[in-house]
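Colleague: The structure's right below; bear with me while I get my questions together.
Numbering (our numbering), first residue to last: 2 to 448.
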């Protein structure tokens with residue numbers, strides 16, 4: 002789907018989706034998230050370079066703008082040139098960005114350039130990983146496999162946050178400390194690239210007859226209210242990956258960062274595994290509302306932290322939210338796009354998450370500089386609550402939109418040449434896919 006395919010045996014349809022391809026992708030994702038977690042001290046690096054919280058937020062925001070610009074062409078490029086080439090280029094950008102941080106001696110243009118390369122690279126790496134794994138499985142198991150691949154990120158989060166805290170606390174000198182952190186992330190990126198080349202060595206790519214621009218596809222297959230949820234996910238990423246380390250340092254609870262991300266990862270992993278069938282039982286709408294509730298509780302409870310162990314309470318809330326939100330939003334959002342444009346669809350949905358970072362990072366940084374961390378957490382929590390209420394108020398419309406994103410549940414399954422089911426009606430309860438709302442099948446012509 003996206004049309005870059007690895008031929009799989011017929012047994013894939015019956016259940017053998019967890020083969021060597023999946024586990025190689027799993028190992029690669031552990032490396033990616035571990036390396037990314039080593040860069041969580043970026044706001045500390047900006048402070049070391051005599052920057053403020055607002056400057057740190059602005060740098061992150063500009064980096065995400067670069068990632069969004071790259072995303073505008075990323076999906077179309079994946080559809081046109083295949084996952085393997087774009088995955089390689091994205092990983093190279095990630096490595097260059099990490100090495101670029103090492104050259105910074107002040108808050109100057111090279112810091113912004115390195116952040117843009119880093120953000121664009123990691124955006125492409127995550128997108129290619131998701132697009133690649135979606136191509137390996139029947140569509141009715143897509144949410145399940147995306148979620149289980151995502152559990153590798155929780156393992157990487159535990160390893161990366163613990164390793165990052167050890168390095169940060171063990172090395173007192175600023176230059177050496179950040180060289181080890183960002184140099185280690187670059188090294189993991191290089192190993193990741195080797196795994197990607199191995200993982201995709203047998204892939205072949207069939208370019209679609211047409212590769213319309215992202216702006217045309219997004220207008221035709223508009224994700225609807227999902228964009229608000231994706232924006233809130235980006236806001237949550239800003240709080241936890243940009244400003245949480247500064248919050249812990251300001252409270253003299255430096256080890257709280259590793260406690261938070263370890264608790265976050267373990268809880269998200271456990272919730273992801275134990276609740277993996279909720280999507281079929283509850284439907285995406287209820288899953289998303291529960292996920293937003295978890296994030297809301299997590300953001301508000303950060304206000305109450307005064308001791309290191311208390312980071313576990315918001316970690317569990319945010320972990321629960323992540324476990325439910327990410328696979329639901331990605332699967333439902335990307336599923337609105339026809340298979341030949343799945344690469345573009347996935348990158349558009351992830352792009353809205355990054356847009357949430359762009360919009361929230363400088364605002365939250367300014368709130369911290371002027372009013373402190375407590376109003377910032379309150380703002381983030383209130384935003385999650387407001388979006389949750391808005392989403393619930395349009396729940397009936399959501400049920401209609403979900404039904405329009407899938408083919409009638411009772412319709413006989415269609416298969417492609419690789420035995421993959423083309424019916425994208427996964428993760429919905431039967432009542433959300435009524436026969437009278439059967440949509441036009443994808444594949445419409447662009448003129």
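Cβ atoms here follow ideal geometry from the backbone N, Cα and C, with glycine treated the same way.
#1: Whole angstroms are fine: how far does the CA of residue 252 sit from the CA of residue 227?
#2: Can you give me the C-alpha to C-alpha distance between residue 61 and residue 148, rounded to a whole angstrom?
#3: Give the straight-line distance between the Cα atoms of residue 183 and residue 116, rounded to the nearest whole angstrom.
#4: If residue 164 sits next to residue 39, beta carbons under 8 angstroms apart, how far is it from one beta carbon to the other, in whole angstroms?
#5: Would you call residue 81 buried or exposed, if buried means 16 or more other Cβ atoms sit within 10 Å of its Cβ?
#6: What does the Cβ neighbour count give for residue 195, buried or exposed, with the cut at 16 atoms within 10 Å?
#7: Go through the region 37-108 residue by residue and report every complete run of the beta strand (DSSP E) that reaches 3 residues or more, in order.
#8: Is the beta carbon of residue 235 sitting closer than 7 angstroms to the one on residue 358?
#9: Can you tell me the Cα-Cα spacing of residue 1 and residue 110, whole angstroms?
#10: Where does residue 311 fall in DSSP's three states?
#11: Alpha carbon to alpha carbon, how far is residue 79 from residue 361?
#12: The alpha helix (DSSP H) spanning residue 255 covers which residue range?
#13: I need the straight-line Cα distance from residue 135 to residue 146, nearest angstrom please.
#14: Could you give the DSSP three-state label for residue 18: helix, strand or coil?
#15: Just to confirm the assignment, what range does the alpha helix (DSSP H) spanning residue 225 have?
#16: Please go through the same chain and pick out, in chain order, the residues whose beta-carbon is closer than 7 angstroms to the beta-carbon of residue 97, but skip the five residues on each side of it.
#17: At which residues does the alpha helix (DSSP H) containing residue 135 begin and terminate?
#18: Using CA coordinates, which residue listed in 356, 102 and 385 is at the minimum distance from residue 71?
#19: Determine the direct distance from the alpha carbon of residue 161 to that of residue 187, and round the result to whole angstroms.
#20: Just how far apart, CA to CA, sit residue 220 and residue 86?
#21: According to the Cβ coordinates, are residue 309 and residue 257 closer than 7 angstroms?
Modeller: Once the coordinates are examined:
#1: 36 angstroms
#2: 27 angstroms
#3: 12 angstroms
#4: 7 angstroms
#5: buried
#6: exposed
#7: none
#8: yes
#9: No answer is possible for residue 1: the residues shown for the chain start at 2 and end at 448.
#10: helix
#11: 28 angstroms
#12: Residue 255 -> no alpha helix (DSSP H), and no H or E assigned at all.
#13: 8 angstroms
#14: coil
#15: Segment: none, residue 225 is in no alpha helix (DSSP H) and carries neither H nor E.
#16: 118
#17: 110-135
#18: 356
#19: 13 angstroms
#20: 27 angstroms
#21: yes
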